[in-house]
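Here the structure is laid out as structure tokens; the discussion comes afterwards.
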Amino acid sequence: MAVTAETSRWCLTTTTGFFILLFVVQGSLSVLVEVTPKEVVALPGQNVTFLCRVGVPIQYCRIEIPGEQTLNLNPALRPKGGIAYYGAGLQAGQCGVTIDHVKEINNGLIKCSLGIQTEYQEPFGEMRLTVAKAPRAPQLEISTGTDNTNIYKVGDVLRAYCIVRDGRPVANISWYLDDMPILEDLTIPTITDMAKEELYSIEQNLTRTLVPSDNGRSLRCLAEHPAFQGVNNLASRQLNVKYPPLPLQSPIDKFGYEIGQMGIISIEFEANPKPHVEWTIRDNRLREGTSDISGRIEAEVVEDLGKGRYRATLRIAAISKQDTETQYVLTAYNDMGSQDYSILISTSPEPEGLDLGIASIIGIVVAILIVILIVFVVVFARVTGRWCFSGGERVIDYTGGDSGDRYPEGVASDVVGGNGVDNPHHQTSQEYINGNHPVKEKKGDTPV
52 MAVTAETSRW CLTTTTGFFI LLFVVQGSLS VLVEVTPKEV VALPGQNVTF LCRVGVPIQY
112 CRIEIPGEQT LNLNPALRPK GGIAYYGAGL QAGQCGVTID HVKEINNGLI KCSLGIQTEY
172 QEPFGEMRLT VAKAPRAPQL EISTGTDNTN IYKVGDVLRA YCIVRDGRPV ANISWYLDDM
232 PILEDLTIPT ITDMAKEELY SIEQNLTRTL VPSDNGRSLR CLAEHPAFQG VNNLASRQLN
292 VKYPPLPLQS PIDKFGYEIG QMGIISIEFE ANPKPHVEWT IRDNRLREGT SDISGRIEAE
352 VVEDLGKGRY RATLRIAAIS KQDTETQYVL TAYNDMGSQD YSILISTSPE PEGLDLGIAS
412 IIGIVVAILI VILIVFVVVF ARVTGRWCFS GGERVIDYTG GDSGDRYPEG VASDVVGGNG
472 VDNPHHQTSQ EYINGNHPVK EKKGDTPV
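Here the sequence shown is numbered in the working numbering, starting from 52 and rising by one per residue.
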């Protein structure tokens, strides 16, 4: 294929442009400025230091700091306005700066420009100085309950929203129920910024289905920021979750009562709002704060233990045998529902419970498995005729003779031993059993 003159000129121009670009790039990258550190977050009034350095001596060190005049620094100059040269000297290729007391106006990029004798352009480096500014106090908003109030029911879905505005750098949001961290049902935080002032706001949403244990606890949004001094960094709302009295194990056994002595039956349960209670004793109802006709049995007023926990108490002046044979029923009720609790009392001492830890349970399980394995091995060996159940016999020489008189294990029963005696498995004489070699009876000479 023929190459036209126009094509040749295009190729020459492209190649020339490529080499010119390569030369420029190589020139700009011939000196690399190393910056340490790249970024610092500091509070107003704190001390910060940055260092730019190259591998060759430099002629000058120019520093540009936001809110300050451009400064030409070297070790011979005295500090000006709390700003001074930092480094091992210009001959060492180091151009650094120390700011004794950072001000908010210093927030931004700090630039170092270095003069090098062999370079037409001055290389430079940039560092980020973030002067921390405390954000506003967190704002926490929560959805209303089923009845459009701040009272909720079990199963209601709570939606909460927390925002922390205008901080530098951006704050961090953490959620808690009292002191328990909430790590689930959270959206990814959204961050917005005001570019002019470099201020950041962060917001996050929480969605939670309420359960009885949430009642009385505080939902907290905690803002964490380096400029916070432990104040105005928390927003909280106490949750009021309504639910009927919760069930307990039934029947409830109480022990340790003594005939003729006062007996106290006390039951703790959970409910919200505060419940009313009444006791049923042998078909007789007894409301809280009242006594029976005899005055021997008294039902105390329900005691509020806080956060939805209550205690109902029944006092019996002198326990009788009949009392220990009676079933007591405590009925607790509020506008969310009711619950019955059956109680039995006994003069027997309270049995000791088997309180085992995880380690103990694991140890017991392992021991049982070992026993099962041993039993399995023994049964398997007996069925298959292995090991101890193989049926083979071992000959033991009790005569104390030399090794030549011993029979090795596993020798067939029809083999003749080294001393000329048949295999002892076929010997039944008492002489051999006693360890003596069998003696042949000599016959006397008889005339022919």
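Glycine residues also receive a C-beta, built at the ideal position from the N, C-alpha and C atoms.
| Item | Value |
| --- | --- |
| Within 10 angstroms of its Cβ, does R104 collect 16 or more other Cβ (buried), or is it exposed? | buried |
| Ordered along the chain, which non-local residues of its own chain (more than five positions away) have a Cβ less than 8 Å from that of N98? | T149, I150, D151, H152 and V153 |
| Quick check on S371: does DSSP put it in helix, strand or coil? | coil |
| Is the region 305–315 close to the region 206–216, with three or more CB pairs under 8 Å? | no |
| With 16 as the cutoff for other CB atoms within 10 Å, does G471 come out buried or exposed? | In this predicted model, G471 has a pLDDT of only 45, less than 50, meaning its place in the structure is not dependable; the value taken from the coordinates is given anyway. When all chains shown are included, G471 counts as exposed. |
| Looking only at DSSP bridge pairs, what is K162 linked to? | E115 and E177 |
| Here's the rule I'm using: 16 or more other beta-carbon atoms within 10 Å means buried, otherwise exposed. How should W438 be labelled? | exposed |
| How far does the beta strand (DSSP E) with C146 in it extend, from its first residue to its last? | Q145 to I150 |
| With a threshold of 6 Å on Cβ separation, who are the neighbours of R187 within its own chain once the five nearest residues in sequence on each side are excluded? | R216 and D217 |
| Apart from the five residues on each side of it in sequence, which residues of its chain come closer than 6 Å, Cβ to Cβ, to F354? | The sequence shown places Glu at residue 354, rather than the Phe named in the question. If we look at E354 and ignore the five residues flanking it on each side, its Cβ neighbours are R362. |
| Quick check on the burial criterion: 16 or more other C-beta atoms within 10 angstroms. Buried or exposed for A322? | buried |
| Can you tell me where the beta strand (DSSP E) with Y171 in it begins and where it stops? | That residue, Y171, is in no beta strand (DSSP E); it is neither H nor E in DSSP. |
| When you compare the region 283–303 with the region 238–245, are there three or more beta-carbon pairs, one atom per stretch, that lie closer than 8 Å? | no |
| Have a look at S342, G311, A278 and V84 and flag the residue whose alpha-carbon is nearest the alpha-carbon of V182. | A278 |
| Drop a sphere of 10 angstroms on the beta-carbon of R433, count the other beta-carbons inside from all chains shown, and report buried for 16 or more, exposed for fewer. | exposed |
| Spatial neighbours of L250 within its chain, please: CB distance less than 6 Å, with the 5 preceding and 5 following residues excluded, ordered by chain position. | D217 and R219 |
| Between the alpha carbons of V328 and M387, how many angstroms are there, rounded? | 14 Å |
| Cβ-heavy atom distance between I419 and the ligand COA below 7 Å? | You won't find the ligand COA in this model; it holds no ligand whatsoever. |
| In chain order, what residues of the same chain have a beta carbon less than 6 Å from the beta carbon of K358, not counting five sequence neighbours either side? | G267 |
| By the three-class DSSP mapping on this structure, what secondary structure does L365 have? | strand |
| Run the CB neighbour count on M313, radius 10 Å, all protein chains shown included, and call it buried at 16 or more, exposed below. | exposed |
| In angstroms with no decimal places, state the Cα-to-Cα distance between K325 and S389. | 12 Å |
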